[in-house]
Amino acid sequence: MTSISPPVQPRSVRSVRRGRGSRVEGRGWLFVAPFLVVFALVFLAPIAYAVWLSLFREQVFFGGTEFVGLDNYAAVLGDGKFWESFLRVLVFLVVQVPVMLGLALVAALAIDSARLHAAGLFRIVIFLPYAVPGVVAALMWGFIYGDHFGLAADLNEWLGRKVVEPLSGDWILASIGNIVTWEFVGYNMLILYSALKVVPHDLYEAAAIDGAGALRTVVSVKLPAIRGALMIATIFSIIGSFQLFNEPNILRSLAPNAISTFYTPNMYAYNLSFGGQQYDYSATVAIVMGVITAVIAYVVQLRGSRKGA
Amino acid sequence: MSPTRRRRQVALVLATALATALSACSTGGGGTAPAGGATGTQDAVDAALKTGGEITYWSWTPSAKAQVEAFQQEYPNVKVNYVNAGTGNDHYTKLQNAIKAGSGAPDVAQIEYQALPQFALTGSLVDLGQYGFQAFEDDYTPSTWNSVKVGGGLYGLPQDSGPMALFYNKQLFDQHGITVPKTWAEYVAAAEKLHAADPTKYITSDTGDAGFATSMMWQAGAKPFTTDGKNVKVDLQDDGVKKWTSTWNQLVEKKLVSSIPGWSDAWYKALGDGTIATLVTGAWMPGVLESSVKDGAGKWAVAPMPTYDGATPITAENGGGGQSVLKQSANPALAAAFVRWLNNGNGVKPFLESGGFPATKADLASPAFKDKASEYFGGQQINQVLTAAAGQVVPGWSYLPYQLYANSIFGDTVGKAYAGGTALDPALADWQKALVDYGNQQGFTVTTG
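Printed below as a string of structure tokens:
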């Protein structure tokens, strides 16, 4: 083996040179090749495969697979379950994300204000929930929410009647929002806080000389300075909301009738594929959802950067 | 959504492994799609056993480990790799994925009766008829044997069965002067009386469990699912179904059933402290109560399942399953030998020792099994009630060829009626519609009543 390989290598390099014409360009491709291979394998191939899948309809019981073109896409766009789940995460997004980012902003400003005792401790404590695995967090909150045991049950017992029912159909979305907020406030706070840390001190000094108070400094200096970070956090949160899966999926065992198999688009895709073996349709749902998410994130980014300019 | 993450979260949620293992069951059979009916002899199986080899076995039953050890002791030249690939749906999801991927499936897998048609019809299982296993027909109860036959082919050997009975908290019944209900009307009356006497107590809990609902339909004489090749009929409005809903609606609408989800931690606690007074369920329940509801020791008793007329004893199966050989197996004869040993050989003994309820007639009839006094049940010879039930199962029931999927969406439709305390019939109609749509998409021709 070793005696064969040396002559092969120069020849292949030479052929690359010849094929490319320019030596620089050829070498360049060689250097990026490892990245391109990995990129193609782990990024492009799965997407291409999902798109490929979405053009077929397989009937698992009779082994038939037929090419259906864009039929699956037409079906998804007319699928009440899909839109129901989409609207649900949209409502979730519109309510939960501002609340979460608002809290994160307040926390970041407070820690950055240098008026807080033990700011480091607060930073860690607020961030800590993010370090708890999402699955464990959902389980833990499940026990708190339980109205047959847990905190909610105790509260109801103390009040003498059923007032708090976090796992009932009317409450469940808010309950999930509460878990997600608890989990991610710290994470977003860190993004905003690190942006605040790099604001040049001259700006504060200039503001102070101009007679700006603390509040004025926040509004006129700090907020404009961290607009970019706020935008990043918003886009992450939008994507996160559309991908909601762990929390409702785990709470489902405690609230089986309040959370359906198509509660969020991701749960719908998951259950289509692993419950109904409708892999093709599931891939279509995933692609449609991916496109919608990308479009919304892009629009938000566009709006954000235009304001910034 | 990575598989490992999913696996972990399921493992956590379903921390009640044994319980769910036994719960997520129901019986199946009756499909006719594959051209089965192969016949052969057991010579190939005996030869494979002599040669030895290596096989993989996926199962979550509590007795699986002990059985594998006993088998390897008896046949040292065979190596069995035992894998617990998850419980219930988790196990099936992995099995389906391995089958779809074309490699990675085990040689032998545990498959419940309700799930068997799905795997048999998709051509994933070996017809054990080619090894002459039809000869075992007389060894098993008719209902379990019917459940491993799909379209004339034999796709597994039955391991356990779950003829239904009424498990009730005798202490609580005595305390409130409630007599054991013989009819469903008496059961509803008992529910009202108990809840009126103590509003924290419920006759039972039911948040909408497809396995339970279909078993109740089965007992009421319903035949909602019939399969003939590609033709499937779904009729969730037949007289039997209505018979069941007319009883169960009263409990759901008056909120006389507890909303504690089955197999949750709260559920086990409620079974121990009397919050849930009865369970109408399969004969495998005593093992679950003994291992997971220690507080209930001495309180519980077993009676025959209530009926509609109170005269003829009649029941249904709930849960149970067997072991099948996968088509992917490189050594199907050896795999079949293991299945034969498990369910028609020395493997039955460790199964009984771990508290299993058998499908084999001889074991059901043996005095040692039948007359055993159960300490947990205050010395009651519970197996007398349960083995009698095994012979009183309504014949002719069959599950859908896609029952696993059907059960997975039960909560989306019928669950709403349970949550809202409304009549089950319109919700069952919604379920039916979803099942018809899915079947048609999958290439079946689905009709309704």
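Those protein sequence lines, which keep their order, are chains A and B. Going from the first sequence to my numbering is simple: count from 1 and add 6. Going from the second sequence to my numbering is simple: count from 1 and add 190. C-beta atoms are modelled at their ideal positions from N, C-alpha and C, and glycine is treated no differently.
Original post:
What is the DSSP secondary structure of residue 334 (chain A), counted as helix, strand or coil?
Top reply: Residue 334 (chain A) falls outside the range modelled here, since chain A spans only 7 to 315, and no answer is possible.
**OP:** Note down the Cα distance separating residue 281 (chain B) from residue 275 (chain B), rounded to an integer number of angstroms.
**Re:** If you number the second sequence from 1, residue 281 (chain B) lands on position 91. If you number the second sequence from 1, residue 275 (chain B) lands on position 85. So the alpha carbons of these two residues sit roughly 5 angstroms apart.
Original post:
Interface residues of chain A around residue 401 (chain B) at Cβ under 9 angstroms?
Top reply: The count along the second sequence starts at 1 and reaches residue 401 (chain B) at position 211. Within chain A, no residue comes near residue 401 (chain B); the closest Cβ sits about 13 angstroms away, beyond 9 angstroms.
Original post:
Taking Cβ positions, are residue 202 (chain A) and residue 125 (chain A) nearer each other than 8 angstroms?
Top reply: Residue mapping note: residue 202 (chain A) aligns to position 196 of the first sequence, counting from 1. Residue mapping note: residue 125 (chain A) aligns to position 119 of the first sequence, counting from 1. No.
**OP:** In angstroms with no decimal places, state the Cα-to-Cα distance between residue 609 (chain B) and residue 192 (chain A).
**Re:** For the purposes of this step, residue 609 (chain B) is taken as residue 419 along the second sequence, with counting starting at 1. For the purposes of this step, residue 192 (chain A) is taken as residue 186 along the first sequence, with counting starting at 1. Using only the alpha carbons, I get a separation of about 35 angstroms.
**OP:** Return the first residue and the last residue of the alpha helix (DSSP H) that residue 589 (chain B) is part of.
**Re:** For the purposes of this step, residue 589 (chain B) is taken as residue 399 along the second sequence, with counting starting at 1. Residue 589 (chain B) -> no alpha helix (DSSP H), and no H or E assigned at all.
Subject >> Residue burial classification, residue 2 (chain A) (beta-carbon count within 10 angstroms, cutoff 16) >> reply: Because chain A here runs from 7 to 315, residue 2 (chain A) falls outside it and cannot be looked at.
**OP:** Report yes or no: is there a C-beta of chain A within less than 8 angstroms of the C-beta of residue 341 (chain B)?
**Re:** By 1-based counting over the second sequence, the position of residue 341 (chain B) is 151. Chain A, which has no Cβ nearer than 8 angstroms to the Cβ of residue 341 (chain B), makes this no.
**OP:** Alpha carbon to alpha carbon, how far is residue 416 (chain B) from residue 374 (chain B)? Give it in angstroms, no decimals.
**Re:** As a position in the second sequence, residue 374 (chain B) is number 184, starting the count at 1. As a position in the second sequence, residue 416 (chain B) is number 226, starting the count at 1. About 26 angstroms.
Original post:
DSSP on residue 311 (chain B), reduced to helix/strand/coil?
Top reply: Numbered from 1 along the second sequence, position 121 holds the residue referred to as residue 311 (chain B). Note: residue 311 (chain B) maps to helix in three-state DSSP.
**OP:** Report whether the distance from the Cβ of residue 146 (chain A) to the nearest heavy atom of the ligand ATP is below 7 angstroms.
**Re:** This structure lacks the ligand ATP, and indeed carries no ligand of any kind.
Subject >> C-beta neighbour in chain B for residue 65 (chain A), strict 8 angstroms >> reply: To locate residue 65 (chain A), count along the first sequence from 1; it is residue 59. For residue 65 (chain A), the answer is yes, since a Cβ of chain B falls inside 8 angstroms of its Cβ.
Subject >> Under the three-state DSSP convention, the category residue 476 (chain B) falls into >> reply: Reading the second sequence from its first residue, position 286 is the one you call residue 476 (chain B). In the structure shown, residue 476 (chain B) sits in a helix (DSSP, three-state: H, G or I).
Original post:
Using DSSP with H/G/I as helix, E/B as strand and the rest coil, what is residue 565 (chain B)?
Top reply: Your numbering for residue 565 (chain B) matches position 375 in the second sequence. Reduced to three states, the DSSP call for residue 565 (chain B) is coil.
Subject >> Simplified DSSP state of residue 63 (chain A), which is helix, strand or coil >> reply: In the first sequence, counting from the first residue as 1, residue 63 (chain A) sits at position 57. Note: residue 63 (chain A) maps to strand in three-state DSSP.
Original post:
Is residue 178 (chain A) helix, strand or coil when you go by DSSP?
Top reply: Against the first sequence, residue 178 (chain A) aligns to sequence position 172. The answer is helix: DSSP assigns residue 178 (chain A) an H, G or I state.
Original post:
So, does the CB of residue 595 (chain B) fall closer than 8 angstroms to a CB anywhere in chain A?
Top reply: Your numbering for residue 595 (chain B) matches position 405 in the second sequence. Taking Cβ atoms only, chain A reaches closer than 8 angstroms to residue 595 (chain B), which makes this a yes.
**OP:** Give the C-beta separation of residue 324 (chain A) and residue 273 (chain A) to the nearest angstrom, bearing in mind that I take them to be a contact with Cβ-Cβ under 8 angstroms.
**Re:** Past the boundaries of the shown model lies residue 324 (chain A); chain A is included only from 7 to 315, so the question cannot be answered.
**OP:** Leaving aside the five residues before and after residue 559 (chain B) along the sequence, list all residues of the same chain whose C-beta is less than 8 angstroms from its C-beta, in chain order.
**Re:** As a first step, residue 559 (chain B) must be located in the second sequence, where it is residue number 369. Closer than 8 angstroms at Cβ, skipping near neighbours: 542, 548, 553, 573, 577.
Subject >> Collapsed DSSP secondary structure at residue 577 (chain B) in the structure displayed >> reply: Locating residue 577 (chain B) in the second sequence gives position 387, where the first residue counts as 1. It is helical.
**OP:** Compare the C-beta of residue 248 (chain A) against all C-beta atoms of chain B and say whether one is closer than 8 angstroms.
**Re:** Reading the first sequence from its first residue, position 242 is the one you call residue 248 (chain A). So no, residue 248 (chain A) is outside the interface.
Subject >> Residue(s) in a DSSP beta bridge with residue 516 (chain B) >> reply: Against the second sequence, residue 516 (chain B) aligns to sequence position 326. Answer by DSSP bridge pairing, in chain order: B:315.
Original post:
How about residue 508 (chain B) and residue 405 (chain B): are their beta carbons less than 8 angstroms apart?
Top reply: For the purposes of this step, residue 508 (chain B) is taken as residue 318 along the second sequence, with counting starting at 1. For the purposes of this step, residue 405 (chain B) is taken as residue 215 along the second sequence, with counting starting at 1. A contact, by the Cβ cut-off of 8 angstroms.
**OP:** Examine chain B for any beta-carbon lying closer than 8 angstroms to the beta-carbon of residue 61 (chain A), and answer yes or no.
**Re:** Stepping through the first sequence from its first residue, residue 61 (chain A) is reached at position 55. Answer no: the Cβ-Cβ gap between residue 61 (chain A) and chain B never drops below 8 angstroms.
Subject >> DSSP three-state assignment for residue 627 (chain B), whether helix, strand or coil >> reply: The residue you call residue 627 (chain B) lines up with position 437 of the second sequence. Three-state result, residue 627 (chain B): helix.
**OP:** Quick one: which residues of the stretch 228-254 of chain B get their C-beta closer than 8 angstroms to a C-beta of chain A? List them in chain order.
**Re:** none
**OP:** Taking only beta carbons into account, state which residues of the stretch 599-628 of chain B come closer than 7 angstroms to chain A, listed in chain order.
**Re:** 599, 601, 602, 605, 606, 608, 609, 628
**OP:** Examine chain E for any beta-carbon lying closer than 8 angstroms to the beta-carbon of residue 264 (chain A), and answer yes or no.
**Re:** The chain labelled as chain E is not found among the protein chains of the depicted structure, namely A and B.
Original post:
DSSP on residue 215 (chain A), reduced to helix/strand/coil?
Top reply: Mapped onto the first sequence, residue 215 (chain A) falls at position 209. Helix.
Subject >> Whole-angstrom distance between residue 304 (chain A) and residue 238 (chain A), CA atom to CA atom >> reply: Working through the first sequence from its first residue, we reach residue 238 (chain A) at position 232. Working through the first sequence from its first residue, we reach residue 304 (chain A) at position 298. Using only the alpha carbons, I get a separation of about 11 angstroms.
Subject >> With 16 other Cβ atoms within 10 Å as the buried cut-off, status of residue 127 (chain A) >> reply: Your numbering for residue 127 (chain A) matches position 121 in the first sequence. Its Cβ having fewer than 16 others within 10 Å, residue 127 (chain A) is exposed.
**OP:** Quick one: using the 10 Å Cβ neighbour count with 16 as the cut-off for buried, is residue 52 (chain A) buried or exposed?
**Re:** Numbered from its first residue, the first sequence carries residue 52 (chain A) at position 46. Per the 10 Å Cβ criterion, exposed.
**OP:** Out of B:478, B:253, B:632, B:240, point me to the one whose CA is closest to residue 267 (chain B)'s CA.
**Re:** Along the second sequence, one-based indexing puts residue 267 (chain B) at 77. Out of B:478, B:253, B:632, B:240, B:240 has the C-alpha closest to the C-alpha of residue 267 (chain B).
Original post:
What span of residues does the beta strand (DSSP E) with residue 637 (chain B) cover, start to end?
Top reply: Within the second sequence, residue 637 (chain B) is the residue found at index 447, counting from 1. Element bounds for residue 637 (chain B): 635-638.
Subject >> Nearest-angstrom Cα separation, counted from residue 106 (chain A) out to residue 300 (chain B) >> reply: Indexing the second sequence from 1 puts residue 300 (chain B) at position 110. Indexing the first sequence from 1 puts residue 106 (chain A) at position 100. Roughly 46 angstroms between the two C-alpha positions.
Original post:
What does residue 312 (chain B) touch in chain A if you count any residue whose Cβ is under 9 angstroms from its own?
Top reply: Taking the first residue of the second sequence as position 1, residue 312 (chain B) is located at position 122. Those within 9 angstroms of residue 312 (chain B) in chain A are 66, 67, 68, 69, 283.
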